[in-house]
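Chain order of the listed sequences is H and G.
Going letter by letter, the first sequence gives residues 157 to 432 in the working numbering.
Going letter by letter, the second sequence gives residues 12 to 406 in the working numbering.
C-beta: ideal position from N, C-alpha, C; glycine also.
The model shown is predicted, which means the values in this text are computed figures rather than measured ones.
First the structure, in the form of C-alpha cells, and then the observations on it.
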Amino acid sequence: MTTTYILNRSPTKRLKDVTPEEAWTGHKPNVEHLRIFGSVCYKHVPNQLRKKLEDKGMSFVMIGYHPTGGYKLFDLKTGKATVSRDVVVDETAIADASESQHEESRIFIDEVVDPERKYDSDESDTSVRRSSRDSQLPSRLRDYDLSYEAITIAEGNFVHYALIVEVEPINFEQVVGDKKWRKAMEEEIDSIERNQTWELTELPVGKKPITLKWVYKSKINPQGEVVKHKARLMAKGFLQQAGIDYGEVFALVARIETIRLVISIAAQFRWTLHLM
Amino acid sequence: MVQPQGFEVDNHKDKVYRLRKALYGLKQAPRAWNQRIDGFMGRLGFEKCTSEHGVYVKERNKDGKTGKLIVCLYVDDLLVTGSSEKLIAEFKAEMISEFEMSDLGRLSYFLGIKFSENEYGIVMHQSRYAQEILRKFDMHKSNPAITPAEVGLRLEKEPEEAMVDPTEFRKIVGSLRYICCTRPDLCFSVRLISRYMQSPRQSHLNAAKRIMRYLQGTCDFGILIPKGNPDTDMKVTAYSYADWCGDKDDRKSTVGSIFFLEKSPISWRSSKEQVVALSSCEAEYVAACEATCQAVWWNSLIEELKVRLLEKINLFVDNKSAIDLANHPASHGRSKHIETKYHFIRDQVSKKKVEIAHCRSEMQLSDILTKALKREHFKELRRLIGVINVNEFLT
C-alpha cells in the first residue's frame, strides 16, 4: 500500500515531467508529509486517556499514510496498527523491535520471553497482522473487472486490460476517419433530406440554435456479430424551453388493460394477433 | 438548429437549419409522431376510441360480411388484430408503404411480455423479466416460497425499526410493479409493500424478499386467455371485495376487484380506499362503487370496439347489506354519512348498466387481491383467476 502510494507520487519512465498522481488528478502531489518508512514516531495520548504523571506520547513505528492526512502506525508491543494525525516522526531513529522487547522484559522480569514474539527490525514492516476474515468486495464494484496491485509491474507501470470487444464510438471525433461510420452517417443525412425535414436558413438575430449530437450504434445479430453500423442524428431536446420551443409533448399509449382486453377479444373470436 | 458535425454545407458555414419536421430527441418528437400516425389512421378509415385514445377500430362491409380491424398503438409499436388475415395483411402493406416500418409477424413478444399460444388459448407471461429481477436483487438462489406473503400479514409503519436503503427498496417495488401486468396473484403483496416506499424498514424489506422468493418458484406463471366460441356474445363479470380496516395505521380498508371477459382476466386492482369506512358494509359498498366506475369504462370501450356484449356487467359482492344498499335507494341511520359520490353505483344499477349479485365468500375471487391467504386457498384462487404455469400449459 505504502509502496504504491509513494510510487504514484514519484516520476516514472513513461510520463514526462509529471508524476502518475498529477497525470490522473491534475494536481501536483504534495510530498511534504512523506517520512522515512519504519521511523520511530510518537503519538500523542489525549488528556482523557491518561493520568497526570503518565507519558504524553507513545512510541510507534511509521508504516504508511492514511487518506485523512494521518499516518498509519504500528505498535511493536501489541502488534496492532492504528491511524493518528497527532504524530511526531523522528526520522533519525529507525525502530528497533528487539530494543523495545528488551525494555519490556526489563520491566516485567517475571514474563516468560516467547521466542516467537521477538521482532526483527527487517521484518517489522511485513509482520502487520492481516485479517483472516474473507473480505468481500463492495457491491458497487461488482460490475467491474478489478485488477489488484499485483498487476503493477516492477517499474510501477500499471498493466491495462486490452479492450477486446468492438466498442461503439461515443463522439464524432472518434469516427471522423472511419469509412463504415461515415457511410452510416451519410445514410442518416440522406433519410433526413429525403423526408424534407429541414431547410437551410439564416439564424434569426438573438436566437440560439439547438445543437446536435451523433449517436452510433452497432447492431448485433444473435450470433454476436456486428451486422450493421447505424448512426443517428439527435437533437439535444433538453436545451429546448417549454412554451418557447414547444407546446404539447405527450404521446398516447394504450393502457395495459386495454391491450389485455384486445387480446382476449381476439382470443374469443379466434382472430390472429400481429405486431408491427 | 446547427449544421451536423461533418456535414456542413460549404460556403454556408454560418447558416442554420430550420426544422420543418421533428427530429429524433426533440421534445416534440413523440407528439409529432402521434399526430402523424393519428392522421394517417383517420385517412385509412379508422375510428379512434374516445375512451381509449391509443385504440383504433375499422369496420368494413363487404359482400354482406363485416370485417373488422382493431389496432392498439404503443408509441411506435402496433398491435393489430382483425377478423380476417386478408384485412390485416392489407393494413400492414399500407403502413409499410407510408412509414419505414417493419412487420414483426405474429405476436410473440410485446412490451416485455411474452405471448405463448396453442389451440386452447394464449398465455401472457413475463418469465424472462421475472428472472432478470431476481438476478438483479440477488435473489436467484433463494428458496422458493409457496405464497407471496405470510398468512394474515399486516404491515405497519414501524418507526422504531432499522431503516433500510430506500433507493434499493424502491427499485424492488418498481420492478415488481411491472410484473403485476401479468400476475394478479402478486398484486396485493406488491401493493402492500409499496405503501412503505417513503420510509422502508426491515420488516417491509423482509416482505419484499418474501415476494421475490414466491416469484422464484413461480417465474413461469402467467395469465391464461382461453380461446372461445366466436358465435356467442361475450360477457364481462367482475368481483369486488373489501378487507375492512386492512391498514392498521390509518384504518382504511383495502379493496380488490377483478374483471373477466368470459374466462380471461382483463383487469385487476388492489388498493386502499380513500375514506375510512365505519362498517364492513360501507367498505364493500365503496369497493363496489369503484368497481362500477371501472365497469362503466369497460362498457363504453367494448361498445366502441363494436363488440357485442351479452347483457350488462355482472358484479359479484359477498356482502348482502352492501348489495341491498346499492339496489334500494333507502337511507338508514348507519349509512347516511356515506359520501354522495359513492351513490354513483345506485345510479348505474338503476340504469341497468351493472347488476350486482351475491356470491359466497369462498367463491369471491377478488379475495386474493385484498389479503394474504392460506396456502391451499391461495392456490385454488390463483387457478380460478387464470394464473397458470406456462410450461405445463404448453405441454
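Those residues of the segment 57-69 of chain G placed with their C-beta closer than 8 Å to a C-beta in chain H are Glu63, His64, Gly65, Val66, ordered along the chain. Listed in chain order, the non-local C-beta contacts of G:Ser332 below 7 Å within the same chain comprise Cys292, local neighbours out to five positions each way being set aside.
At a cut-off of 4 residues, the continuous stretches assigned as alpha helix (DSSP H) that sit fully inside the segment 172-203 of chain H are 176-181. In the three-state reduction of the DSSP assignment, G:Leu122 falls in the coil class, being assigned neither a helical nor a strand state. For G:Lys390, the enclosing alpha helix (DSSP H) starts and ends at 386-395.
The beta-carbon of G:Glu273 is placed less than 7 Å from the nearest beta-carbon of chain H. Secondary structure at G:Lys103: helix, using DSSP grouped into helix, strand and coil. Relative to the Cα of G:Ile236, the nearest Cα in the group H:Glu344, H:Ile419, H:Leu359, H:Thr224 belongs to H:Ile419.
Contact note: H:Gln396 reaches chain G through Leu37, Lys38, Gln39, using a C-beta cutoff of 9 Å and chain order. In this structure, G:Ala249 lies away from G:Ala294, with their beta-carbon atoms at least 7 Å apart. Between G:Ala299 and G:Ser251, the C-beta spacing is below 7 Å. Only exposed fits G:Thr406, as fewer than 16 other CB atoms lie within 10 angstroms of its CB. Annotation for H:Arg350: the continuous alpha helix (DSSP H) segment containing it runs 335-350. In terms of Cβ geometry, H:Cys197 and H:Val245 form a close pair [threshold 7 Å].
A contact between stretches requires three or more CB pairs, one per stretch, nearer than 8 Å, and the segment 208-226 of chain G fails this requirement with the segment 127-138 of chain G.
Contact of G:Met174 with chain H by beta-carbon distance below 8 Å is absent, the smallest such distance being about 18 Å. For the segment 77-104 of chain G, the set of residues with a beta-carbon nearer than 8 Å to any beta-carbon of chain H comprises Ile81, Cys83, Leu84, Tyr85, Val86, Asp88, Leu89, Leu90, Val91, Thr92, Gly93, Ser94, Glu96, Ile99, Lys103, in chain order. Contact between G:Leu321 and G:Asp244 holds, since their C-beta atoms are separated by about 4 Å, short of 8 Å. Taking the C-beta atoms as reference points, G:Ile204 is found no nearer than 7 Å to G:Val175. Between G:Glu315 and G:Cys83, the C-beta gap is not smaller than 7 Å, which leaves the two residues out of contact. Any Cβ of chain G closer than 7 Å to the Cβ of H:Phe425 would place that residue at the interface, and such an atom is present. Only those residues of the segment 224-255 of chain G whose C-beta falls short of 9 Å from the nearest C-beta of chain H are listed: Ile234, Ile236, Pro237, Lys238, Gly239, Asn240, Pro241, Thr243, Met245. In chain order, Val286 place their CB closer than 7 Å to the CB of G:Glu350, counting only its own chain and leaving out the 5 sequence neighbours on each side. Residue state for H:Gly225 is assigned as coil, using DSSP reduced to three classes. G:Tyr225 is a Cβ neighbour of G:Pro159, given a cutoff of 7 Å. G:Trp308 sits in a helix when the DSSP states are folded into three classes. Chain H has a Cβ within less than 7 Å of the Cβ of G:Asp114. For H:Ala387, the enclosing beta strand (DSSP E) begins and ends at 382-391. Chain-ordered listing is empty here: chain G has no CB closer than 8 Å to the CB of H:Arg241, the nearest sitting near 32 Å. When C-beta atoms of the segment 48-56 of chain G are compared with those of the segment 383-394 of chain H, fewer than three pairs fall below 8 Å, so the two segments do not count as touching. Bounds of any alpha helix (DSSP H) do not take in H:Trp354; it lies within the beta strand (DSSP E) bounded by 354-357. G:Glu172 places its beta carbon 7 Å or farther from that of G:Asp260. Residue contact with chain H for G:Ser281: absent (no Cβ-Cβ distance below 7 Å to any residue of chain H).
G:Tyr140 has a beta carbon lying at 7 Å or more from every beta carbon in chain H. Around the Cβ of H:Lys199, a 10 Å sphere holds 16 or more other Cβ atoms; the residue is buried. Here G:Cys83 carries a strand assignment [DSSP, helix/strand/coil].
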